[in-house]
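Below you'll find the structure, written out as structure tokens, and then a few comments.
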Amino acid sequence: MLKRAAVSLLSVLASSLFAGQTPLPSASRTPPLMLGAAWYPEQWPESRWDADLALMQAAHVNFVRVGEFAWSRMEPKEGDYQFQWLEHAIRAAERHHIAVVLGTPTAAPPQWLKQKYPEVIRTLENGQKDTHSDRQEFDWSDPKYRELAADIATRMADQFGHDPNVIAWQIDNEYANASYGPATRRQFDQWLKTKYKTLDNLNARWTTAYWSQTYSDWNQIPIDVKYGNPGLLLNWNQFVSDTWRSYQKVQLDAIRAHAEPRQKITTNMMGWFDGYDHYKVSQGLDFASWDDYVGTGHLDLVRNGAAEDLTRGFLRKNFWVMETQPDFVNWSKDNNSLDKGEVRAMAWHDVGHGAEAVEYWQWRSALNGQEQYHGVLVGADGTPVPLYTEVSQVGAEFAKAAQALAGTTVHSDVAILQDYDSRWAINWQRHNQAFDPVESLLAFYGPVRKLVRSVDVIADTVPLSGYKLVVAPALNVITPEAAANLEAYVRGGGHLVLGQRSGMKDEDNGLWPERQPGPLAAMLGARVEQWYALDKPVPVEGVWGSGEDAIWAEQLAVKSPEAKVLMRYGKSNGWLDGQPAAVTRRVGKGSVTYIGAALNGDAMKSAAQWMIAQSGLQAVMPDVPDDVDVSVRSGGGKQVLILTNYSAQPQTVKLQGSMTDVLKGGQVSQVTLDHYGVAVLEQASR
Ligand code: GLA
């Protein structure tokens with residue numbers, strides 16, 4: 000207490016030191032579009048901060064994220080809290096009109112802490128303790144670690160919870176590693192007890208009569224994440240997710256107890272990473288954010304765009320890109336650079352999908368440490384690298400477009416469902432190693448988004464009645480709750496398309512006793528008769544033309560006269576020859592369709608066209624050239640188009656009327672985009 004009072008006094012003194020400086024007007028601290036950089040003032044002498052911040056300001060950087068690995072600077076010895084340097088850094092940023100996102104440093108506990116409290120170090124799957132040379136070695140379930148995490152978060156929030164220049168908090172950094180020690184195992188048992196109440200219930204629902212797995216004591220239940228009972232595997236991952244959520248809540252509560260509500264709280268997630276259920280962990284956060292890295296290669300519009308939409312779907316509102324790569328990373332197999340212009344196009348692509356901020360990791364190369372080869376905006380010598388100019392252009396453009404994009408988001412008539420239980424269930428038993436549930440989702444996402452220009456990627460339990468079309472690729476696990484949600488959607492007039500492997504498993508990762516799509520089979524009036532992991536492509540033909548199915552094929556059987564066959568398999572393994580591959584059934588004003596074949600190329604494009612026509616939708620800007628991406632944000636009576644060109648050739652897009660060219664100024668009825676060119680167009684007021 001005494002220490003805290005002393006620190007507070009110091010921070011008051013420090014603030015008064017800067018009292019003569021012009022504070023940043025609060026309205027501009029969170030403009031609708033923000034450009035950021037990950038800044039590590041603790042790695043540099045204070046005398047060098049100003050030069051860095053001046054360069055940031057010149058590049059229109061309007062926020063920095065600081066602190067997320069700086070625990071040893073904030074608390075060099077137990078109980079010795081040092082926040083003056085951070086206070087100075089926040090004030091220095093403020094003098095350059097740069098706001099601050101504060102990261103809690105719990106992803107990198109200091110050495111003294113790990114030495115004094117070895118129990119906080121996570122246990123690896125092989126039972127050994129993690130080593131001391133990296134970050135993220137803590138045990139997220141450990142009560143002592145949570146106490147220490149709450150303490151440092153409390154101290155920080157006490158110091159900076161009312162700081163006018165702190166706009167947001169990031170809890171920890173990229174949650175990733177679970178721990179497998181005996182204490183965690185006891186928590187898991189307790190978690191299972193709360194869920195299943197009795198061992199008889201658990202034994203029945205996991206069918207533990209199989210291989211004599213029957214448990215007669217809770218403490219017999221192992222953590223087996225390799226080849227365990229599917230019920231055990233699914234529950235372990237759900238426990239991991241709940242444990243991240245409760246780990247996070249400790250810090251959320253600590254910050255909220257001291258910080259003003261205008262300081263929003265997030266954590267940086269990782270796109271398609273499936274180490275926990277992101278829908279669960281997002282609950283309680285004020286906004287979602289993610290780290291958007293290409294790694295090897297170049298921007299993949301479909302994979303990246305869908306990951307943006309996925310992140311927007313966590314809380315179903317705009318999000319931040321909390322980290323993205325300045326040209327290249329250091330952790331991939333081949334760390335090639337993005338092309339000149341590609342970083343700018345990528346930033347606008349993010350914004351098109353609902354990003355309100357794009358932050359580059361990192362600002363400046365640290366002289367030492369594990370990431371010396373990573374892309375930066377300023378080299379170790381403190382002078383800009385070539386990309387700096389391009390990022391400055393992004394910053395200037397964000398400032399220009401902020402007004403047009405204020406109050407807008409992506410509104411979509413189409414939802415694609417994404418479900419962690421299903422991904423885990425399939426990934427443990429792919430049956431054909433090439434079957435990747437994310438690829439399965441992207442196979443639908445690509446052609447559908449190309450037609451409608453905006454797609455929501457969301458969970459299967461959220462309200463669906465606002466959508467004209469809902470696509471559920473590889474929705475392997477359908478819980479009774481999700482089944483009821485999907486059935487109500489169709490009966491209410493919605494159009495549901497189920498993809499391969501859907502409706503096979505229940506909430507315990509057990510097989511539904513009905514054939515696929517399990518609880519939805521009766522409504523479909525058809526079922527999956529058998530599935531086949533393919534060793535050679537199978538031809539598919541029908542109303543969507545002809546194509547080839549290469550990885551997985553489901554032979555369908557029609558059970559109701561109202562169910563119509565849309566596609567059939569051609570000659571292949573004998574079992575599939577001539578059998579239905581896709582069926583559909585009208586249900587009142589809605590419909591349900593099951594596609595048992597993976598369609599490629601033109602057949603998938605025709606299927607997508609059929610889906611949107613069936614749902615009463617029309618293609619948006621159908622004449623735009625293939626390599627030009629179109630995103631639409633709307634709100635407050637405004638509609639803003641964001642176009643980015645990935646073709647090596649200039650491309651001309653004709654608009655349906657006159658629009659304001661937000662970046663170049665003036666009214667336009669067509670735009671020509673160079674390679675990686677960007678246009679931001681606002682619907683001219685009527
Ligand atoms: C992650 C981390 C950062 C940094 C980058 C490098 O996203 O959050 O601290 O290591 O990777 O790409």
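Taken in order, the sequence shown gives residues 0 to 685; the numbers are from numbering that gives the first Met the number 0. Beta carbons are placed, not taken as given, at the ideal position from N, Cα and C, and that holds for glycine. Because the structure is a prediction, the values reported are computed rather than measured.
Residue i to residue j span [Cα, whole Å]
{"i": "residue 25", "j": "residue 367", "result": "With a pLDDT of 47 at residue 25, under the threshold of 50, the modelled position of this residue cannot be trusted; read the value that follows with caution. Residue 25 and residue 367: Cα-Cα distance of roughly 36 Å."}
{"i": "residue 656", "j": "residue 667", "result": "8 Å"}
{"i": "residue 523", "j": "residue 114", "result": "60 Å"}
{"i": "residue 12", "j": "residue 82", "result": "Because residue 12 carries a pLDDT of 35, less than 50, the predicted location of this residue cannot be relied on, and the following value inherits that uncertainty. Their backbone Cα atoms lie some 12 Å apart in a straight line."}
{"i": "residue 289", "j": "residue 308", "result": "11 Å"}
{"i": "residue 118", "j": "residue 207", "result": "33 Å"}
{"i": "residue 161", "j": "residue 508", "result": "47 Å"}
{"i": "residue 321", "j": "residue 359", "result": "8 Å"}
{"i": "residue 306", "j": "residue 456", "result": "8 Å"}
{"i": "residue 325", "j": "residue 284", "result": "27 Å"}
{"i": "residue 209", "j": "residue 595", "result": "30 Å"}
{"i": "residue 487", "j": "residue 257", "result": "43 Å"}
{"i": "residue 435", "j": "residue 423", "result": "11 Å"}
{"i": "residue 22", "j": "residue 273", "result": "Residue placement at residue 22 is poorly supported in this model, since its pLDDT is 49, which falls under 50; the coordinates still yield a value, given next. Cα to Cα, residue 22 sits roughly 42 Å from residue 273."}
{"i": "residue 393", "j": "residue 329", "result": "23 Å"}
{"i": "residue 518", "j": "residue 163", "result": "53 Å"}
{"i": "residue 465", "j": "residue 412", "result": "7 Å"}
{"i": "residue 677", "j": "residue 415", "result": "27 Å"}
{"i": "residue 250", "j": "residue 171", "result": "9 Å"}
{"i": "residue 391", "j": "residue 589", "result": "49 Å"}
Exposure of residue i, with buried meaning 16 or more beta-carbon neighbours within 10 Å
{"i": "residue 352", "result": "buried"}
{"i": "residue 259", "result": "exposed"}
{"i": "residue 53", "result": "exposed"}
{"i": "residue 142", "result": "exposed"}
{"i": "residue 349", "result": "buried"}
{"i": "residue 185", "result": "exposed"}
{"i": "residue 218", "result": "exposed"}
{"i": "residue 560", "result": "exposed"}
{"i": "residue 653", "result": "exposed"}
{"i": "residue 341", "result": "buried"}
{"i": "residue 433", "result": "exposed"}
{"i": "residue 46", "result": "exposed"}
{"i": "residue 51", "result": "buried"}
{"i": "residue 612", "result": "exposed"}
Residues near residue i by beta carbon distance below 7 Å, same chain, minus five either side
{"i": "residue 48", "result": "40, 88, 91"}
{"i": "residue 682", "result": "637, 638, 658"}
{"i": "residue 460", "result": "480, 481, 484"}
{"i": "residue 205", "result": "228, 230, 231, 507"}
{"i": "residue 420", "result": "233, 476"}
{"i": "residue 331", "result": "294, 295"}
Anticipated Cβ contact below 8 Å, residue i with residue j, distance rounded
{"i": "residue 100", "j": "residue 167", "result": "5 Å"}
{"i": "residue 35", "j": "residue 253", "result": "Not really, about 24 Å apart at Cβ, beyond 8 Å."}
{"i": "residue 548", "j": "residue 557", "result": "At roughly 19 Å, the Cβ-Cβ gap does not stay under 8 Å, so residue 548 and residue 557 are not in contact."}
{"i": "residue 575", "j": "residue 552", "result": "6 Å"}
{"i": "residue 67", "j": "residue 102", "result": "3 Å"}
{"i": "residue 525", "j": "residue 499", "result": "Incorrect: roughly 14 Å between the Cβ atoms, too far for contact."}
{"i": "residue 408", "j": "residue 303", "result": "The pair is not a contact, with the Cβ atoms about 18 Å apart (cut-off 8 Å)."}
{"i": "residue 418", "j": "residue 476", "result": "6 Å"}
{"i": "residue 563", "j": "residue 583", "result": "6 Å"}
{"i": "residue 616", "j": "residue 495", "result": "Residue 616 to residue 495, Cβ: 14 Å. No contact."}
Own chain residues within Cβ distance below 6 Å of residue i, not counting five before or after
{"i": "residue 44", "result": "none"}
{"i": "residue 650", "result": "624, 627, 644, 672"}
{"i": "residue 369", "result": "none"}
{"i": "residue 246", "result": "139"}
{"i": "residue 183", "result": "140"}
{"i": "residue 193", "result": "none"}
{"i": "residue 179", "result": "122, 124, 222"}
{"i": "residue 190", "result": "238"}
{"i": "residue 581", "result": "565, 566, 594"}
C-beta neighbour in chain B for residue i, strict 9 Å
{"i": "residue 75", "result": "Absent from the structure is chain B; it holds one protein chain and no more."}
Close Cβ partners of residue i (< 8 Å) along its chain, the five nearest in sequence each way excluded
{"i": "residue 214", "result": "198, 201, 202, 207, 220"}
**OP:** Tell me the start and end of each unbroken beta strand (DSSP E) in the region 258-313 that is at least 3 residues and wholly inside, in chain order.
**Re:** 263-265, 288-291
**OP:** Note down, one range per segment and in chain order, each alpha helix (DSSP H) of at least 4 residues found wholly within the region 19-87.
**Re:** 48-57, 70-73
Original post:
Which runs of the alpha helix (DSSP H) spanning at least 4 residues fall entirely within the region 561-622, listed in chain order?
Top reply: 600-613
**OP:** Could you pull out every unbroken beta strand (DSSP E) segment of at least 3 residues lying fully inside the region 147-174, listed in chain order?
**Re:** 165-169
Original post:
Curious, which full-length beta strand (DSSP E) runs of at least 3 residues does the region 522-558 contain?
Top reply: 525-532, 537-541, 544-548, 551-557
Subject >> 3 or more residues per run - each beta strand (DSSP E) lying fully within the region 462-487 >> reply: 468-471
Original post:
Could you give the uninterrupted runs of the beta strand (DSSP E) lying entirely in the region 304-384, keeping only those of 3 residues or more?
Top reply: 318-323, 354-359
**OP:** Enumerate, from N- to C-terminal direction, the unbroken beta strand (DSSP E) stretches of 3 or more residues contained entirely within the region 426-458.
**Re:** 455-457
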